[in-house]
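Presented below is the structure to which this report refers.
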Amino acid sequence: MTSLHFLGLVFCLSQLGVGVKVELEGPSFTLEPASVTYFSNSVGVTISCLSRGHPPLTTHWLTANGDPVLPAPGLR
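Heads up: the sequence shown is residues -19 to -1, 1 to 57, going by mature numbering (1 follows the signal peptide of the UniProt record, and there is no 0).
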C-alpha cells in the first residue's frame, strides 16, 4: 500500500467515526479529607483522600501558606 492510499484510508475511517474514543470524566472526590487537620511532629497524622476522573488524577498536599508538603525523613 502506498503512502497516498494509506492516507486516503485514514481519511475515510476518520470520516466514518472509526477510531479511538476517549471518555473524559471530570475530577470528583470519593473520600474528601477535612479542610483543616492539626497534628504534632512527634505523633504525625494520616490524611485519607480518594478521587477519581479520567485521565487519572494526581493529588498534591500543600501547607497553609501554599508550600508543598515534603516527606519527613523516617516517616511514610
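Beta carbons: idealized from backbone N, C-alpha and C, even for Gly.
In this text the structure is predicted, and so the values were computed from the model without any measurement.
Contact between the region 2 to 10 and the region 32 to 45 (3+ Cβ pairs under 8 angstroms): yes
Cβ-based neighbour list, residue 31, same chain, cut-off 8 angstroms, excluding 5 preceding and 5 following: Mapped onto the sequence shown, residue 31 falls at position 50. Contacts found: 10, 11, 12.
C-alpha gap between residue 48 and residue 40, whole angstroms: Residue 48 sits at position 67 when you count from the first residue of the sequence shown. Residue 40 sits at position 59 when you count from the first residue of the sequence shown. Between residue 48 and residue 40, the C-alpha separation is close to 14 angstroms.
Counterpart residues of residue 10 in DSSP-defined beta bridges: Walking along the sequence shown from the start, residue 10 turns up at place 29. According to DSSP, residue 10 bridges with 32.
For residue 43: DSSP bridge partner residues: Taking the first residue of the sequence shown as 1, we reach residue 43 at position 62. Answer is 49, bridged to residue 43.
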